[in-house]
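Chemist:
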Amino acid sequence: MSLKLFKFPPAINSYVWLFFAAVCLAGGWMAFRGFFFDAVATNLDISQPTAGIIVDGLRTSAAWDPNAHLLAGVYYEKNFEAMNLDLSTSEYRLAAERSPDNYLVWLDLAQALSRSGDVDGAEIAFRRAQELAPNYAAVQWAYGNFLIRQGRDDEGFPLISRAAIADPELSGPAVATVLQMNNGDVNRTRDLLGNTPAINSGLAQTLASMKNYDAALAAWQQLPIEMRQGAFRELGTKIEGIFIAAGRFRSAAAVSSDLAASDDLKPAVGKVMNGSFENAVKPRNATEFEWTIGEGPEPQIGLSASQHHGGTYSLAATFNSFNGTSFRDISQLVPVEPGARYRLDAWYRSTLKTDAKFKWAVVEAGTGKVIATTGPMDPAGDWTSISVTFSIAETTDG
7 MSLKLFKFPP AINSYVWLFF AAVCLAGGWM AFRGFFFDAV ATNLDISQPT
57 AGIIVDGLRT SAAWDPNAHL LAGVYYEKNF EAMNLDLSTS EYRLAAERSP
107 DNYLVWLDLA QALSRSGDVD GAEIAFRRAQ ELAPNYAAVQ WAYGNFLIRQ
157 GRDDEGFPLI SRAAIADPEL SGPAVATVLQ MNNGDVNRTR DLLGNTPAIN
207 SGLAQTLASM KNYDAALAAW QQLPIEMRQG AFRELGTKIE GIFIAAGRFR
257 SAAAVSSDLA ASDDLKPAVG KVMNGSFENA VKPRNATEFE WTIGEGPEPQ
307 IGLSASQHHG GTYSLAATFN SFNGTSFRDI SQLVPVEPGA RYRLDAWYRS
357 TLKTDAKFKW AVVEAGTGKV IATTGPMDPA GDWTSISVTF SIAETTDG
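For what it's worth, this note's numbering labels the leading residue of the sequence shown as 7, then goes sequentially.
(1) Give me, in chain order, the residues of the same chain whose beta-carbon lies closer than 7 Å to that of R99; leave out the 5 immediate sequence neighbours on both sides.
(2) Leaving out the 5 sequence neighbours to the left and right, which residues in its chain are closer than 6 Å to A172 when beta-carbon positions are compared?
(3) Could you give the DSSP three-state label for W366: helix, strand or coil?
(4) Can you give, in chain order, each stretch of the beta strand (DSSP E) that sits fully within the stretch 145-223 and has at least 3 residues?
(5) Just how far apart, CA to CA, sit A128 and D270?
(6) For D269, which three-state DSSP category applies?
(7) Roughly how many angstroms lie between the CA atoms of K272 and P230, to the nearest whole one?
(8) Output the distance between the C-alpha atoms of G150 and G300, rounded to the nearest integer angstrom.
(9) Could you check whether the stretch 208-219 touches the stretch 302-310, counting it as contact only if at least three pairs of C-beta atoms, one from each stretch, sit closer than 8 Å?
(10) Among the residues of its own chain, which have a CB less than 8 Å from the CB of S122, if the five just before and after it don't count?
(11) Going by beta carbon distance, what residues of the same chain come within less than 6 Å of T324, once the five residues before and after it are set aside?
(12) Is the beta carbon of I250 sitting closer than 8 Å to the one on W226?
(13) Would you tell me roughly how many angstroms separate the C-alpha atoms of L358 and N280, rounded to the nearest one?
(14) Verify whether the separation of the beta carbon atoms of P174 and S120 is less than 8 Å.
(15) Tell me the DSSP secondary structure of Y348 in three-state form.
(16) Closest by CA to Q117, which one among A139, A148, P344, L138?
(17) CB-CB under 7 Å to V278, same chain, minus the five flanking residues each way: which ones, in chain order?
(18) Identify which residue in N189, F238, E232 has its Cα closest to the Cα of I205.
(19) Name the residue from A222, A224, Q313, P203 whose alpha carbon lies nearest to the alpha carbon of G236.
(20) Which residue from F283, P289, W297, P140 puts its Cα closest to that of S310?
(21) Along the chain, where does the beta strand (DSSP E) that runs through Q306 open and close?
(22) Is DSSP giving D92 helix, strand or coil here?
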């Protein structure tokens, strides 16, 4: 391929250069102007008193810019006057015309038309947004809610369900909406939204917040165990905390068992966890159902391998003084069956020489009411057993 050079006469040559310079300047100015107006439109704080003047200026000076019209639509929407509502919708239309492939603009237009009562126009805009972004949760959520408001539940709820699957943050609001519409009917909610992990996680959280604890636990247990321990672990911790605060200790223990890293860390109803002290006892940051050591300097508490009974370790408490104001206790929360009867057994050795009496106490969680106590742990050089039998009130869960 050969190259050809064009030569202009000197008189014309200067005009050619002027022409190209003018084109470059015009292109540069248009690019700068577009960048400037676009930057203003996307960063303007419409809550400022002067925002209205700037918005009106952008509408006229940058009429070709969809962001200018989108900003105007948002601004007029925030000013609650009938005229502004119509003006807002008009601006959203202009934004959609200038950016026909932007799903966000069509979504804003659809919602504006819905607010203004233009149901047919809103549906056209929603459909266009869905065509452009068929898998986006924001579109599915808004369109699904629109259809439900029109009484088209069979079309709307599947979209709501898809939105909840795509964005787990929407599962709670989705479930709450359907529960409210169906008088708290959990089965109906699953029928409408689906029996999926996203919906069951939303049910677990929402029902727990509504104090429907049994249904919340059932929804949590609908989740596959690997998801309870993985993707929904944070949710499990939250639900466990709700159960604890409500005094639903058996339900909390069931969730805690799902989250436990090993079988040794799974709480069981009516059983002291790590009662043989073969596993570590944390000096701080213990979980709800582990041994908990109170704050304070006395006594010094830790596992001992030199003195043990029937295992490798025992729990040793060493006193340097008997100042009662600084004594810290050792406790564990144990879930129990209401109305059941239990027996607590323990083995101890003691070389304490003091008039103070040390006992194990069974205390009602939440109220601090003492249910039963063992006899005093009197000085004993050999391992000695103590025990106490007690009954649980029908209203006590732990």
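Positions of the beta carbon are idealized from the N, C-alpha and C atoms, including for glycine. Only a predicted model underlies this, so the values are computations on that prediction, with no experimental measurement involved.
Modeler: Let's see:
(1) Translated into positions along the sequence shown, residue 99 becomes position 93. Cβ within range, chain order: L115.
(2) For the purposes of this step, residue 172 is taken as the residue at position 166 of the sequence shown. Only A143 meet the Cβ criterion.
(3) Here residue 366 refers to the residue found at position 360 when the sequence shown is read from its first residue. W366: coil per DSSP, three-state reduction.
(4) Correct list: empty.
(5) Numbered from its first residue, the sequence shown carries residue 128 at position 122. Numbered from its first residue, the sequence shown carries residue 270 at position 264. If you draw a straight line from the Cα of A128 to the Cα of D270, it comes to about 58 Å.
(6) By 1-based counting over the sequence shown, the position of residue 269 is 263. In the structure shown, the three-state DSSP call for D269 is helix.
(7) As a working mapping, residue 272 is identified with position 266 in the sequence shown. As a working mapping, residue 230 is identified with position 224 in the sequence shown. C-alpha of K272 to C-alpha of P230: approximately 18 Å in a straight line.
(8) In the sequence shown, counting from the first residue as 1, residue 150 sits at position 144. In the sequence shown, counting from the first residue as 1, residue 300 sits at position 294. One C-alpha to the other measures close to 52 Å.
(9) In short, these stretches do not touch, since the Cβ pair count stays below three.
(10) For the purposes of this step, residue 122 is taken as residue 116 along the sequence shown, with counting starting at 1. Cβ contact annotation for S122 (same chain, cutoff 8 Å, sequence separation greater than five): L91, D92, T95, in chain order.
(11) Here residue 324 refers to the residue found at position 318 when the sequence shown is read from its first residue. Cβ neighbours of T324 beyond the five flanking positions: P305, Q306.
(12) As a working note, residue 250 is residue 244 in the sequence shown. As a working note, residue 226 is residue 220 in the sequence shown. The answer is no: Cβ separation not under 8 Å.
(13) Walking along the sequence shown from the start, residue 358 turns up at place 352. Walking along the sequence shown from the start, residue 280 turns up at place 274. Using only the alpha carbons, I get a separation of about 25 Å.
(14) Counted from its first residue, the sequence shown places residue 174 at position 168. Counted from its first residue, the sequence shown places residue 120 at position 114. No.
(15) For this step, residue 348 is matched to residue 342 along the sequence shown. In the three-state DSSP reduction, Y348 falls in the strand class (E or B).
(16) Translated into positions along the sequence shown, residue 117 becomes position 111. Among A139, A148, P344, L138, the Cα nearest to that of Q117 is on A148.
(17) Your numbering for residue 278 matches position 272 in the sequence shown. Correct list, in chain order: Q338, V340.
(18) Mapped onto the sequence shown, residue 205 falls at position 199. That would be F238, whose Cα lies nearest to the Cα of I205.
(19) Start at 1 with the first residue of the sequence shown, and residue 236 comes out as number 230. Among A222, A224, Q313, P203, the Cα nearest to that of G236 is on P203.
(20) Within the sequence shown, the letter at position 304 stands for residue 310. Nearest of F283, P289, W297, P140 to S310, Cα basis: F283.
(21) What you label residue 306 is simply residue 300 of the sequence shown in a count that begins at 1. Taken as a continuous stretch (DSSP letters only), the beta strand (DSSP E) holding Q306 covers 306-310.
(22) Translated into positions along the sequence shown, residue 92 becomes position 86. Here D92 carries a helix assignment [DSSP, helix/strand/coil].
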